[in-house]
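*Asks:*
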Amino acid sequence: IVTRTEMGTRMVDDRDLFDYINKFDAQYGPTYIVLDLLQKLFYTSDAARESFVDLCEERYVQEVTFDSYLYKTVQGNNPIGDIALLGKTLSSLVKNN
Numbered sequence: 116i117v118t119r120t121e122m123g124t125r126m127v128d129d130r131d132l133f134d135y136i137n138k139f140d141a142q143y144g145p146t147y148i149v150l151d152l153l154q155k156l157f158y159t160s161d162a163a164r165e166s167f168v169d170l171c172e173e174r175y176v177q178e179v180t181f182d183s184y185l186y187k188t189v190q191g192n193n194p195i196g197d198i199a200l201l202g203k204t205l206s207s208l209v210k211n212n
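Numbering-wise (the numbering used here), the sequence shown opens with residue 116 and increments by one.
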């Protein structure tokens, strides 16, 4: 925003804000999509919350969560780990429901 005001010499307009929001969404949108999906999946019932607790005990989940916070973007660049996590998620949901 400071750059768009040319160091305070002009007012920002709706186009400047639109551009800023688009840049923010492009950079952080995937993070919010993942968080929204997690909320919709695991916060719908007590059984789903229990499944979430089970998954939080997994080392891979802890590493991905830490790296995602550290780098401010969704991590998980290990396809095998992601597939294993998907399997554990599904089995945990089945077990707790």
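C-beta atoms are modelled at their ideal positions from N, C-alpha and C, and glycine is treated no differently.
Given the structure is predicted, the values throughout are model-derived calculations rather than measurements.
Okay, do the stretch 169-184 and the stretch 125-133 touch, 3+ Cβ pairs below 8 Å being the bar?
*Replies:* Result no; under three Cβ-Cβ pairs closer than 8 Å.
*Asks:* With respect to the alpha helix (DSSP H) encompassing glutamine 177, which residues constitute its N-terminal and C-terminal limits?
*Replies:* Segment 174-186, the alpha helix (DSSP H) holding glutamine 177.
*Asks:* Based on Cα-Cα distance, which residue from Val209, Gln142, Lys138 and Ile136 lies nearest to serine 183?
*Replies:* Nearest C-alpha to serine 183: Gln142.
*Asks:* Which residue from Phe167, Val189 and Val117 puts its Cα closest to that of isoleucine 148?
*Replies:* Ranking Phe167, Val189 and Val117 by Cα distance to isoleucine 148 puts Val189 first.
*Asks:* Name the two residues that bound the continuous alpha helix (DSSP H) containing aspartate 134.
*Replies:* Counting along the chain, the alpha helix (DSSP H) containing aspartate 134 begins and ends at 129-157.
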